[in-house]
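J.: Input: one structure, supplied below.
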Amino acid sequence: MKLCIAEKPSVARDIAKVLGADTPKQGYFEGNGYWVTWTFGHLCTLKEPHDYGPHLKSWNLIFLPIIPDPFGIKLISNPGVEKQFKIIEKLVADCEEVINCGDAGQEGEVIQRWVLHKAKCKKPIKRLWISSLTEAAIKEGFNNLKPSEDYQNLYLAGNARAIGDWLLGINATRLFTRKFGGNKSVLSIGRVQTPTLAMLVQRQKEMDAFNTEDYWELKTKYRDVVFNAAIDRLKTKDKAEKGLEYLKQHPFEIISFEIKEGKEKNPRLFDLTALQVEANKKFGFSAEHTLKYIQNLYEKKHTTYPRVDTTYLSESLHPQIPAILQSMNFYKEFTTPLLAQPIPKSKAVFDDAKVTDHHAIIPTEIAPSSNLSREEKLIYDLVAKRFISVFYPECKISNTLVEGQVGKIPFKTTGRQILEPGWREVYIKDKKEDTEKKEKDEEQTIPEFKVGEKGPHKPLIHQGKTSPPKPYTEATLLRAMETAGKQVDDEELREMMKNNGIGRPSTRANIIETLFRRKYIERKKKNIFATSTGVELIDTIQDELLKSPELTGEWESKLRKIERGEYDASQFKEELIEMVTNLTRSVINEKAKVISFQEEIQPKQKKEATPRKNVAIIWEETDCPKCKENKLMKGKTAIGCSNYKGCGFKIPFLLFGKKLTEKQIHDLITKGKSSKLKGFTEHPEGLSEGILRLTNDFLLDLKID
126 MKLCIAEKPS VARDIAKVLG ADTPKQGYFE GNGYWVTWTF GHLCTLKEPH
176 DYGPHLKSWN LIFLPIIPDP FGIKLISNPG VEKQFKIIEK LVADCEEVIN
226 CGDAGQEGEV IQRWVLHKAK CKKPIKRLWI SSLTEAAIKE GFNNLKPSED
276 YQNLYLAGNA RAIGDWLLGI NATRLFTRKF GGNKSVLSIG RVQTPTLAML
326 VQRQKEMDAF NTEDYWELKT KYRDVVFNAA IDRLKTKDKA EKGLEYLKQH
376 PFEIISFEIK EGKEKNPRLF DLTALQVEAN KKFGFSAEHT LKYIQNLYEK
426 KHTTYPRVDT TYLSESLHPQ IPAILQSMNF YKEFTTPLLA QPIPKSKAVF
476 DDAKVTDHHA IIPTEIAPSS NLSREEKLIY DLVAKRFISV FYPECKISNT
526 LVEGQVGKIP FKTTGRQILE PGWREVYIKD KKEDTEKKEK DEEQTIPEFK
576 VGEKGPHKPL IHQGKTSPPK PYTEATLLRA METAGKQVDD EELREMMKNN
626 GIGRPSTRAN IIETLFRRKY IERKKKNIFA TSTGVELIDT IQDELLKSPE
676 LTGEWESKLR KIERGEYDAS QFKEELIEMV TNLTRSVINE KAKVISFQEE
726 IQPKQKKEAT PRKNVAIIWE ETDCPKCKEN KLMKGKTAIG CSNYKGCGFK
776 IPFLLFGKKL TEKQIHDLIT KGKSSKLKGF TEHPEGLSEG ILRLTNDFLL
826 DLKID
């Protein structure tokens, strides 16, 4: 038998269906010469310090730095994980060949290799590498299985990343907590999270140190067009008023009039970071939520693999583009003109040299049905329109520059008109927040001027205030992580800098959420600010290596070189060991101080103890979460919508062999999830405990949390 190991049960089901392994067993599927089983993401993790010796449970400085030799892995301590691993271990022992069907990326490779290593796998291993979960993609992947050795460098890079994060995270966190935490709380230090926090703290200090100043500008209106004086801003009102008097004494003269036609390039296809940036700008979605929505779309087979860092497609995909466009029924008004002629094979879209593990995020030929959540529809729409727009012509524009003078003071103004919308046609019907904003700057209509013409004008003074640097939003922070803190607007230059960004596209959302969870940063509306604890922590860290985005970007570059076989993973590990050792020595010798921890949540005043009452849940007063039009009602076997036939929503009292209380069902409905529950005896994947969640489709899902 051939054993396929997927990264999660839902993917295993898709693969089993394609392979004809349609007999469900305990923890796997069987049929047609295949066993198809699964992990739950990470089944294994690097060992913790105390696994190498009980004395290392203590956070005593005398035991630092902790440098295991060799590093070991262990199962995550969880009954469901242990049960599933035993099934995998037995199948590995009994099979003829293993097919690694893990997530086709660096983290997926590490997850599977660690499980196979723990299971002492000696069998031949092949690799399924696919960019979407459609039936056609899975079939093609199995027809083109790769040798596992082809992905050895990918594994070495992922393993080096995990070891590097362990070495720095464990040692620096213990070091700074013991030295500066004052036994109040853990001070979390990380290879990526600390330089990310440092960028936010730096911006915070720039804003705090900024002194707002008044300034005055001279403007004038000639033939209904506003011109700005092409001189430095004036710093006193007196100078501005003198300038105004001067302008009143002279006519306006046109000295230059120039119209240039130009083109506005098409936007690039989305990589994960660009999608997260766009979703944050347009909808206010956090990076973590956008990743969740696009991952759902991938697993529902509507989009391709999302955890990517390229904006290009493989050249071999070009023949498949018409079929994808043809399937996008909802976008026919935009796809029909494209399908009327051959799809261009532009290097700005198709370039094998720019494709890494996977190509950019695009729709598949499986168009979504109406059962997507609102958020998933919004994300799909972003991906779909971006995909369509790259095949449209460039947008043709005209730029007008007019220069004039009043006496000896030069003036100028610019205008911009769209001559042919090209790719902008796809976005014309969108809600026009961005477009309206552009149109405000954009640009007054400018009539025909003649050089040398003169006439009366209406001069005026504009008073303004200098603005401090803007706080980071999640969108601008993601961009800063991608470019290691450098301000880069040019798309091509940004593409070149990705190798030196901090973190990977798939991990940046989690890094930001970790900083929120640790109370080092906080969100105010769309803006992100460092808390007082975050600022103090960065001020306490003297070692630039720990907090420099540029230096962390260099490490990231080395990890990518390991992936390409251009750098030795063991050398990367030795460099980090040396850094951690030097860091430990220098911090231990520093003068101790205690960081003050920000109280994020004020403790509630204790009330006098009163006997606890069981509050009855009145279902008839509770809105149905699905249709939101009817109330719920309690039946003999379930809580459900009072219009069940029309809506279909219900939660049974008996689920996966466990009887749920009304309180647990109420939590599911109001919070979207339960507390951690035990006692499940009939779960199809063998889970005995976990957290129940209400999915976007209003179905019930049990997960190990």
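So in the numbering used here, spot 59 of the sequence shown is number 184, and the numbers just go up one at a time. Where is the CB? At the ideal position from N, CA and C, for every residue including glycine.
The beta strand (DSSP E) that contains N652, what's its start and end?
T.: Reading the sequence shown from its first residue, position 527 is the one you call residue 652. First-last of the beta strand (DSSP E) with N652: N652 to A655.
J.: Work out the CA separation of I829 and I816 for me, nearest whole Å.
T.: As a working note, residue 816 is residue 691 in the sequence shown. As a working note, residue 829 is residue 704 in the sequence shown. Taking the straight line from one Cα to the other gives about 6 Å.
J.: Which term fits P231, buried or exposed, when burial requires 16 or more other beta carbons within 10 angstroms of its beta carbon?
T.: Locating residue 231 in the sequence shown gives position 106, where the first residue counts as 1. Pro is not the amino acid found at residue 231; the sequence shown has Gln there. Flag for Q231 reads buried.
J.: Can you check whether the C-beta of K407 is within less than 8 Å of a C-beta belonging to chain B?
T.: The structure shown has no chain B; it contains just one protein chain.
J.: Buried or exposed for P174, going by 16 or more other Cβ atoms inside 10 Å?
T.: The residue you call residue 174 lines up with position 49 of the sequence shown. That one is buried.
J.: Looking at C-alpha atoms only, which residue of S452, S657, S682 and G233 is the closest neighbour of N625?
T.: Locating residue 625 in the sequence shown gives position 500, where the first residue counts as 1. Of the candidates S452, S657, S682 and G233, the one whose C-alpha sits nearest the C-alpha of N625 is S682.
J.: What does the Cβ neighbour count give for V326, buried or exposed, with the cut at 16 atoms within 10 Å?
T.: Working through the sequence shown from its first residue, we reach residue 326 at position 201. When all chains shown are included, V326 counts as buried.
J.: Mark P190 as exposed unless 16 or more other C-beta atoms lie within 10 angstroms of its C-beta, in which case mark it buried.
T.: Translated into the one-based positions of the sequence shown, residue 190 becomes position 65. With 16 or more Cβ atoms within 10 Å of its Cβ, P190 is classed as buried.
J.: Are there three or more Cβ pairs, one per stretch, closer than 8 Å when the stretch 209-229 is compared with the stretch 153-170?
T.: In short, these stretches touch, since the Cβ pair count reaches three.
J.: Which residue wins for smallest C-alpha separation from F395, given the options I295, L507, T302 and K579?
T.: For this step, residue 395 is matched to residue 270 along the sequence shown. Closest option to F395, Cα to Cα, is L507.
J.: Are L372 and P584 closer than 8 Å when you measure CB to CB?
T.: What you label residue 372 is simply residue 247 of the sequence shown in a count that begins at 1. What you label residue 584 is simply residue 459 of the sequence shown in a count that begins at 1. Yes, they are a contact pair.
J.: Compute the Euclidean distance between the alpha carbons of K751 and H791, then round it to the nearest angstrom.
T.: Residue mapping note: residue 751 aligns to position 626 of the sequence shown, counting from 1. Residue mapping note: residue 791 aligns to position 666 of the sequence shown, counting from 1. Cα-Cα distance, rounded: 14 Å.
J.: Smallest Cα separation from T259: which of Y423, P674 and K472?
T.: Numbered from 1 along the sequence shown, position 134 holds the residue referred to as residue 259. Checked all of Y423, P674 and K472; the closest Cα to T259 is Y423.
J.: With respect to the beta strand (DSSP E) encompassing T298, which residues constitute its N-terminal and C-terminal limits?
T.: As a position in the sequence shown, residue 298 is number 173, starting the count at 1. Here T298 belongs to no beta strand (DSSP E); instead the alpha helix (DSSP H) covers Q277 to F305.
J.: On the premise that S257 lies in contact with T489, defined as a C-beta separation below 8 Å, what is that separation, rounded to the nearest angstrom?
T.: As a position in the sequence shown, residue 489 is number 364, starting the count at 1. As a position in the sequence shown, residue 257 is number 132, starting the count at 1. Contact flag correct, Cβ pair sits at about 5 Å.
J.: Which class does M758 belong to by DSSP, given the choice of helix, strand or coil?
T.: Start at 1 with the first residue of the sequence shown, and residue 758 comes out as number 633. Strand.
J.: Candidates D664, G532, Y430 and A297: which alpha carbon is nearest T330's?
T.: Counting from 1 along the sequence shown, the entry for residue 330 is found at position 205. A small correction: the amino acid at residue 330 is Lys; Thr does not occupy that position in the sequence shown. Among D664, G532, Y430 and A297, the Cα nearest to that of K330 belongs to D664.
J.: Does the distance from the CB of I571 to the CB of V531 come in under 8 Å?
T.: Here residue 571 corresponds to residue number 446 of the sequence shown, with the count starting at 1. Here residue 531 corresponds to residue number 406 of the sequence shown, with the count starting at 1. No; because the gap between Cβ atoms is not below 8 Å, this pair is not in contact.
J.: Please determine, among E386, I764 and N635, the residue with the shortest C-alpha to C-alpha distance to H414.
T.: By 1-based counting over the sequence shown, the position of residue 414 is 289. The shortest C-alpha separation from H414 is found at N635.
J.: Check for me: the alpha helix (DSSP H) holding F697 runs from which residue to which?
T.: What you label residue 697 is simply residue 572 of the sequence shown in a count that begins at 1. It spans A694 to I713 - the alpha helix (DSSP H) in which F697 sits, taken as one unbroken run.
J.: In whole angstroms, give me the CA-to-CA distance for G771 and N496.
T.: As a first step, residue 771 must be located in the sequence shown, where it is residue number 646. As a first step, residue 496 must be located in the sequence shown, where it is residue number 371. About 15 Å.
J.: By the three-class DSSP mapping on this structure, what secondary structure does E807 have?
T.: One-based indexing of the sequence shown puts residue 807 at position 682. Three-state result, E807: coil.
J.: Determine the DSSP secondary structure at E550, reduced to helix, strand or coil.
T.: For this step, residue 550 is matched to residue 425 along the sequence shown. In this structure, E550 counts as helix in the three-state DSSP scheme.
J.: In terms of residue numbering, what span does the beta strand (DSSP E) encompassing A465 cover?
T.: As a first step, residue 465 must be located in the sequence shown, where it is residue number 340. No beta strand (DSSP E) holds A465; DSSP gives it neither H nor E.
J.: Between which residues of its own chain and K251 is the CB-CB distance below 8 Å, once the five residues before and five after are set aside?
T.: As a working note, residue 251 is residue 126 in the sequence shown. Cβ within range, chain order: E222, V223, I224, N225, L270, K271, P272 and S273.
J.: For K199, which of P193, T170, L181 and L186 has the nearest alpha-carbon?
T.: The residue given as residue 199 occupies position 74 in the sequence shown. Checking every option, the nearest Cα to that of K199 belongs to T170.
J.: Which same chain residues end up closer than 7 Å to S313 when comparing Cβ atoms and leaving out the 5 residues on each side of it in sequence?
T.: Working through the sequence shown from its first residue, we reach residue 313 at position 188. Excluding residues within five positions, the ones whose Cβ falls inside 7 Å are T298 and R643.
J.: Residues in the same chain with beta-carbon distance under 7 Å from T656, minus the five sequence neighbours each way, listed in chain order, please.
T.: As a position in the sequence shown, residue 656 is number 531, starting the count at 1. Answer for T656: K644, Y645, I646, E647 and Q723, listed in chain order.
J.: In terms of DSSP beta bridges, what is W163 paired with?
T.: If you number the sequence shown from 1, residue 163 lands on position 38. According to DSSP, which records beta bridges pairwise, W163 is partnered with A131.
J.: With burial defined as no fewer than 16 other Cβ atoms inside 10 Å of the residue's Cβ, what is the status of Q318: buried or exposed?
T.: Here residue 318 is taken as the residue at index 193 of the sequence shown, counted from 1. Classification of Q318: buried, given that the 10 Å Cβ count is 16 or more.
J.: Considering only residues of the stretch 397-471, which uninterrupted alpha helix (DSSP H) runs meet the minimum length of 4 residues and lie entirely inside it, listed in chain order?
T.: Entirely contained in the stretch 397-471, the alpha helix (DSSP H) runs reaching 4 residues are, in chain order, 397-408, 412-424, 446-452 and 457-464.
J.: Within this structure, are the beta carbons of T345 and F377 separated by less than 8 Å?
T.: To locate residue 345, count along the sequence shown from 1; it is residue 220. To locate residue 377, count along the sequence shown from 1; it is residue 252. Contact flag set, yes.
J.: DSSP three-state label for C772, please.
T.: Residue 772 sits at position 647 when you count from the first residue of the sequence shown. Reduced to three states, the DSSP call for C772 is helix.
J.: Mind checking K579: buried by the 16 CB within 10 Å criterion, or exposed?
T.: By 1-based counting over the sequence shown, the position of residue 579 is 454. It counts as exposed.
J.: Would you be able to state if there are at least three C-beta pairs under 8 Å between the stretch 531-547 and the stretch 461-474?
T.: These segments do not touch.
J.: Run through the stretch 488-554 for me and flag every whole beta strand (DSSP E) of 3 or more residues, listed as ranges in chain order.
T.: Runs found: 520-531 and 534-545.
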